[in-house]
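Residue numbers (our numbering): 548 to 984. Taking it in order: structure first as structure tokens, then the write-up.
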């Protein structure tokens, strides 16, 4: 864990320190597009934040390669190199898009090629654990198609949710934290070496997001752009692919004991199939709704609009910061709720806690619809939105008094034009007394 914390801190530090110079570089190169109709910010903001995030990724992999406990990941697996190859390609396309606004089909093709590069180097889904059926081995073509589909969906889901300051980076950081705990448990709890790459990928992803968030929180000084959103989406997808299709279910030794014990023990096998979907449940729901909404209107699925979930939160009446926090809350609840259930599936308290927190989340979500008014004694501690409006009495304006100018008697001025009994005399020549004319 100490090596993981060191990798996390180095990645976050490099990303944080490079974001400032990258912002100046983006301003100098003109990577500050005009405000579009769907944007919620009011001033042009530089992009290209993905440049700092990519160098943070490189720094994290370099440090991990020189650590004794993490060096085995690079020696026993080719997945880190596969991830770096795919990430470099998608990052380069994102940088070009942030500067020149590439066509959506070009970006889609680049996403598929990046996924194909990772598949060619061994980062692919080999089998799927399906409840009720067991472990199903996939042919190379099936594994390739499923891997490419998962990468493309995850990248676009993260890209679609990147609409508010700090939203995408925070949600991906929450997802990476939940995924890291799950992968770390598989590696050290079940001594499965195949889970080590996913553990490393997620801790580096957390460092990238944490290092970028201080610059991206509202009001944001820089955006990650497509170079950042597609990059973190690809790393999240690579983590899910690594742990879903590479971990051998037989290594968990789940077929021991009674049927009930085997059923509960089999959850760590089936959770990798569900956890990636729950981690990106909010972005994926936004993606599906956007495609359905645009197709229903006869538009292209890639056409931009203001119908995303975060836009709807703003329309309901939430502030910018509160909308981001609500999205954080639901992402954490779904991801960590699934993670807790995979650890203690027999505990009913986990289900009850998730239900209770869901109810609290719904109340917070719909709070602006009701606009409740606080009692008089609590108005000093609640936001102005929930205070009662005070009635101001209408007072008729009094007529303005008529000013009569009095005749002023000139008073002789003293030294420097001052007098002891009247106003300062208004001389046109304000030179001091005694000075030569």
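Where a beta carbon is used, it is the ideal one built from N, C-alpha and C, also for glycine.
Give the range of the alpha helix (DSSP H) segment to which residue i is assigned.
i	result
residue 566	549 to 576
residue 762	743 to 763
residue 609	597 to 612
residue 732	From DSSP, residue 732 is part of no alpha helix (DSSP H); its letter is neither H nor E.
residue 867	867 to 890
residue 697	687 to 708
residue 616	Careful: residue 616 lies outside any alpha helix (DSSP H) and carries neither H nor E.
residue 771	Taken as a continuous stretch (DSSP letters only), residue 771 belongs to no alpha helix (DSSP H), as it is neither H nor E.
residue 924	Here residue 924 belongs to no alpha helix (DSSP H), and DSSP marks it neither H nor E.
residue 626	626 to 647
residue 661	651 to 667
CB-CB under 6 Å to residue i, same chain, minus the five flanking residues each way: which ones, in chain order?
i	result
residue 804	Low confidence applies to residue 804: its pLDDT is 46, below 50, so where it sits in the model is not reliable enough to give any reading.
residue 551	750
residue 598	569
residue 959	Low per-residue confidence applies at residue 959: pLDDT is 48, beneath 50, and the placement is therefore not dependable enough to give any value.
residue 756	716, 719 and 720
residue 810	Confidence at residue 810 is low in this model, with a pLDDT of 42, below 50, so its placement is unreliable and no value can be given for it.
residue 734	742, 743 and 746
residue 786	726, 745, 748 and 749
residue 671	690 and 694
Do residue j and residue i come within 9 Å of each other at the CB atom, strictly closer than that value?
i	j	result
residue 627	residue 744	yes
residue 593	residue 779	no
residue 611	residue 618	yes
residue 856	residue 661	no
residue 870	residue 860	yes
residue 636	residue 606	no
residue 752	residue 723	yes
residue 579	residue 591	yes
residue 705	residue 777	yes
residue 664	residue 632	yes
residue 566	residue 707	no
residue 614	residue 555	no
residue 876	residue 783	no
residue 685	residue 697	no
residue 492	residue 561	Missing from the structure shown is residue 492; the chain here goes from 548 to 984 and no further.
residue 563	residue 762	yes
residue 654	residue 577	no
residue 623	residue 740	yes
Which whole-angstrom value describes the C-beta separation of residue i and residue j, a residue pair presumed to lie in contact below a C-beta threshold of 8 Å?
i	j	result
residue 559	residue 754	4 Å
residue 730	residue 788	With a Cβ gap of about 12 Å, residue 730 and residue 788 do not count as contacting.
residue 669	residue 616	Going by Cβ atoms, the distance from residue 669 to residue 616 rounds to 22 Å, so no, they are not a contact pair.
residue 881	residue 912	Contact doesn't hold; Cβ gap of about 14 Å is too wide.
residue 573	residue 595	4 Å
residue 634	residue 673	About 21 Å; that fails the 8 Å criterion.
Identify, in the order they occur along the chain, each residue of the same chain with its Cβ nearer than 8 Å to the Cβ of residue i, setting aside the five sequence neighbours on each side.
i	result
residue 847	651 and 841
residue 897	884, 887, 888 and 891
residue 829	708, 718, 856, 874, 877, 878 and 881
residue 557	606, 607, 610 and 754
residue 728	886
Can you find the residues in the same chain that come closer than 7 Å, C-beta to C-beta, to residue i, ignoring five residues on each side of it along the sequence?
i	result
residue 806	Because residue 806 sits at a pLDDT of 40, beneath the cut-off of 50, its placement in the model cannot be relied upon, and the following sentence gives the value as read from the coordinates. Excluding residues within five positions, none has a Cβ falling inside 7 Å.
residue 703	834
residue 879	721
residue 609	none
residue 984	Reliability of the predicted coordinates at residue 984 is poor, the pLDDT of 46 falling under 50, and the value obtained from them is presented with this limitation in mind. Closer than 7 Å at the Cβ level, and outside the excluded window around residue 984, lies no residue.
residue 638	597, 601, 774 and 778
residue 832	none
residue 659	695 and 699
So, do the segment 772 to 782 and the segment 642 to 655 have three or more beta carbon pairs nearer to each other than 8 Å? Taking 8 Å as the limit for Cβ pairs, the verdict is that the segment 642 to 655 does touch the segment 772 to 782.
Counting pairs of Cβ atoms below 8 Å between the segment 707 to 714 and the segment 681 to 696, do you hit three or more? Verdict: no, contact absent.
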